[in-house]
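Protein chains in written order, with the working numbering: chain A, 36 to 438; chain B, 3 to 310.
In this text, a Cβ means the ideal position worked out from N, Cα and C, and glycines have one as well.
Here it is in C-alpha cells:
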C-alpha cells in the first residue's frame, strides 16, 4: 500500500508545488533562497512494485534523501538552484521501462535520472534517454553491453558484470577448488551477460561449466517461467555432481531454486549475484536453506565511519526500513549528479549536464566516483557476502579473499 | 542417455506437479461439464485458496513452528482453509460473473470476457491489498529426502502433495459417482433441459459444481503456496497448465482431468531431461498438440461438447 501511495503521491505533490508557485514551495521547505532560484527535478526510475521491488525501494529513498539534504544545505553549500524529486515505477521490466522513461523525458524540469535500476530496463529505455540528451546515472545496472552502445548520456556508479562474473569465478575455482560448476540464469539481459562472463573465466581457470537457462517465473513477476521448473532442474543439478551452483538472476527466483535444491538433497555450495543480495532471499528461502550461500556484488556494505552511520540512520528515518543493497550507490549517484549540476551553475541544461558528468569527480560513501568515457566507473572491486545464521555478512573483496 | 539418467527422479517430481495440476483441472472440467464454459477465472480461485490458508494459519498458530501431530493438524487446517477460501470465491464468481449472463441468455463470448475480467479484477485487488512480494506460509516440516524408490529420492513435500491430492481426488470421484448431488451434476451435464424437467434445480447444481471445483482449486493453492509462497500472480501458470491437462484428458471428464494432470506433469519433467529448463513449456504444449491431432476429444473424452 505504502509504495502505491508514494508512487501516486510524488507526481501529485509535484503538481501541487507547481500550482502553488516556486516561492511558496521554497518557503515551505524553510529555505532563505530568493524566489528567483530555478528549480530542477532529478528523477528516479526503477522497480517500486513487482517481485523485485525491494531493490528499487532501497534506491528510491536514498535518492530522495540526497535531494532533501541538498535542499536543506547539509551536503552542498549555496547551490544556485532548488531540487525536486520524481519517482517513476518500471517494475524492473524491459517492457514497462520505455513508458516510464517517456514520462520522465516529457517532464521538462527533469535534468538527470538516477537509474534505470535493472539492466534489461536500462537497455530498453536508454535509446529514449539518449535521444532526449538526458543524462542517466544507474546505481545498479551491471550488464556489460550497456556501455558499448555509444550512449554518451549513460553512466553507472557500479562496476559491470565483466568485473563481477570473473571475480566470482576466480573465487569459486581458486578458493573453493571447484572443478565442476553448474550455472543457471533467469534469461534476463543482466543474468545472461553475467553468466557468460562467469563461465568464460571459470573455463580459463580449468573448470568445466554446465549451463541451463530457467526463465524467471510468473510467481516472481520476472518472466514467463513456471515454479514447477525448479524440481526437475534441481534433479539435473544434483545428478551432475557439481559442488558449486552459480545462479545469475534475482532473489525471488533464486530462493525458489535454492529451496528445490535443498529439498532434493543437494549438498553443494550455492552462489549468486548482486540481484540476490537482499534479506528477502533469506526470508523467502528460509534461513536453513539460505545459510552458507555466497553472494557477490560490486558494491560494499557501509562501514562505521561517521558519515556512513549518519546516512544509515537518516535513511531509516525517511524510508522506514534499514539501508539495503544499492542504497549507498543510489545516494552517491544522486550526489554525483548534484555536484555536476553545481559546476554547470544556475542555468542547467540536460546536454550541458552530460558534459559535466563526464568530467566530475565526487568522493562518496562507497567510492570515488569518476567515469570512463563509455560511462563505466573507473576502478572496480567485487565484494563477497555470505549468509550466516540467517543474515548476510560481508566477507571482503574477492582479490583479498583469493590472495 | 538423457532420458534414462534421472528417469525415476523426474517421474517423482512430475507426479507431484501432476497431482497439483489434477486438483486444479477438476475445477475446469466440472464447470465445463455443466455449463460448457471455460472458467478462466479459476486461476484466481486457486490464488484465493492460497491466501485464505495463509491468513487462517497465521491467525491460528502465528509464527510458531508446529511439530509432530501439530504438523498434521497444520496441514489439515491449511488444506481446509484453502478449500473454503477457494469455494467462497468460486461461489461468488458464479453469482456475480456468470449467473446474470446466464439469466439473459448471453452469447458464449460474453462469458469468456466476463471470466477474464473477473480474473484481472481479483488478482489486481489481491496485489494491492496483500503486497507484491510473496508471503511465506511457515513450513510445518523440514523439507528434504524421506525415502527412495527405484533410486529416486522422494521429498517430504512431494509426499504431502500426493497424500492430500489422492484423498481429495478419490473423494470427488465418489461424490460425483454416488451421491444425489453427483447425480444432479451428471444429469445437468448430459442434458440440462431434461434434467430440469425431471425436477433438478439447475441453479443449485451449478452453484454446487463451482463450490466443489473451488474446494479442490483452493486446496491446491495451499499445497502450492506451502513451497513457493503465496503471491497475487501465483495462479497464472499453474492454472494455465491445469486447463491444458483438462483438455488433454478430455474436457468434461473428471477422471480424464486426473489422468491429464498426472501425464502433463510427468511429460513436462521428462521433457527437460533432454533439453533446457526453458524448453519445458515448448515440449509440454508440443505433446498436447500431437495428442489432440490424434484424439481431438482428449484421452478420455467421448464427444466434444457434452460429457461428464
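is_contact[residue i, chain B] using C-beta, thresh 9 Å
| i | result |
| --- | --- |
| residue 291 of chain A | yes |
| residue 40 of chain A | Below a pLDDT of 50, predicted positions are generally treated as unreliable, and residue 40 of chain A, at 39, falls in that range; the measurement from the model is reported next regardless. With 9 Å as the cut-off, residue 40 of chain A does not count as an interface residue toward chain B. |
| residue 284 of chain A | no |
| residue 254 of chain A | yes |
| residue 315 of chain A | yes |
| residue 362 of chain A | no |
| residue 208 of chain A | no |
| residue 234 of chain A | no |
| residue 59 of chain A | In this predicted model, residue 59 of chain A has a pLDDT of only 41, less than 50, meaning its place in the structure is not dependable; the value taken from the coordinates is given anyway. By this cut-off, residue 59 of chain A is not an interface position. |
| residue 177 of chain A | no |
| residue 422 of chain A | no |
| residue 259 of chain A | yes |
| residue 379 of chain A | no |
| residue 321 of chain A | yes |
| residue 193 of chain A | no |
Short CB-CB distance (under 9 Å) between residue i and chain A
| i | result |
| --- | --- |
| residue 202 of chain B | no |
| residue 134 of chain B | yes |
| residue 233 of chain B | yes |
| residue 226 of chain B | yes |
| residue 236 of chain B | yes |
| residue 16 of chain B | yes |
| residue 46 of chain B | no |
| residue 193 of chain B | no |
8 Å CB neighbourhood of residue i in its chain, flanking five on each side removed
| i | result |
| --- | --- |
| residue 201 of chain A | 232, 233, 235 and 236 |
| residue 116 of chain A | 72, 73, 74, 75, 376, 381 and 383 |
Partners in chain B for residue i, counting only beta-carbon separations shorter than 8 Å
| i | result |
| --- | --- |
| residue 268 of chain A | 274 and 279 |
| residue 130 of chain A | None at all; the shortest Cβ gap to chain B is about 15 Å. |
| residue 318 of chain A | 138 |
| residue 88 of chain A | 134 and 135 |
Coarse secondary structure for residue i, derived from DSSP in three states
| i | result |
| --- | --- |
| residue 427 of chain A | strand |
| residue 219 of chain B | helix |
| residue 327 of chain A | coil |
| residue 77 of chain A | strand |
| residue 240 of chain B | helix |
| residue 432 of chain A | strand |
| residue 295 of chain B | helix |
| residue 157 of chain B | strand |
| residue 116 of chain A | coil |
| residue 123 of chain A | strand |
| residue 283 of chain A | strand |
| residue 264 of chain A | helix |
| residue 313 of chain A | coil |
| residue 106 of chain B | coil |
| residue 45 of chain B | helix |
Closer than 9 Å at the beta carbon, the chain B residues around residue i
| i | result |
| --- | --- |
| residue 426 of chain A | Per Cβ cutoff of 9 Å: no residues; residue 426 of chain A is ~17 Å from chain B at best. |
| residue 231 of chain A | Ordered by position in chain B, no residue passes the 9 Å Cβ test against residue 231 of chain A, which lies about 15 Å from the chain. |
| residue 247 of chain A | 274, 278, 279 and 280 |
Chain-ordered neighbours of residue i on chain A, where CB pairs are closer than 8 Å
| i | result |
| --- | --- |
| residue 6 of chain B | The contacting residues do not exist; residue 6 of chain B stays about 12 Å from chain A at best. |
| residue 145 of chain B | 294, 297 and 298 |
| residue 19 of chain B | 263 and 266 |
| residue 2 of chain B | The structure shown does not extend to residue 2 of chain B, since chain B is modelled only from 3 through 310, so no value can be given for it. |
Cut-off 7 Å between Cβ atoms - residues of its own chain near residue i, not counting five sequence neighbours on either side
| i | result |
| --- | --- |
| residue 184 of chain B | 177 and 178 |
| residue 133 of chain A | 159, 160 and 163 |
| residue 67 of chain A | For residue 67 of chain A, the pLDDT reaches just 48, beneath the cut-off of 50, and the residue's location in the model is therefore unreliable, although a value from the coordinates is still provided. None. |
| residue 197 of chain B | 189, 190 and 204 |
| residue 289 of chain B | 269 |
| residue 428 of chain A | 420 and 421 |
| residue 400 of chain A | 337, 342, 343, 346, 363, 366 and 367 |
| residue 131 of chain A | 125 |
Cβ-based neighbour list, residue i, same chain, cut-off 6 Å, excluding 5 preceding and 5 following
| i | result |
| --- | --- |
| residue 124 of chain B | 46 |
| residue 146 of chain A | 75, 383, 385 and 388 |
| residue 230 of chain A | 218, 220 and 283 |
Partner residues on chain B for residue i, Cβ-Cβ distance less than 7 Å
| i | result |
| --- | --- |
| residue 262 of chain A | 230 |
| residue 250 of chain A | 280 |
| residue 85 of chain A | 134 |
| residue 332 of chain A | The premise fails here: residue 332 of chain A is roughly 21 Å from chain B at the closest Cβ pair, so nothing lies under 7 Å. |
| residue 274 of chain A | 7 and 8 |
Cβ separation of residue i and residue j, assumed to be a contact under 8 Å, to the nearest whole Å
| i | j | result |
| --- | --- | --- |
| residue 30 of chain B | residue 244 of chain B | 6 Å |
| residue 311 of chain A | residue 282 of chain A | 7 Å |
| residue 209 of chain A | residue 437 of chain A | 5 Å |
| residue 209 of chain B | residue 131 of chain B | Not a contact, Cβ separation roughly 26 Å. |
Contacts of residue i in chain A (Cβ-Cβ under 7 Å)
| i | result |
| --- | --- |
| residue 11 of chain B | 270 |
Per-residue contacts from residue i into chain A (C-beta, under 9 Å)
| i | result |
| --- | --- |
| residue 243 of chain B | 261 and 263 |
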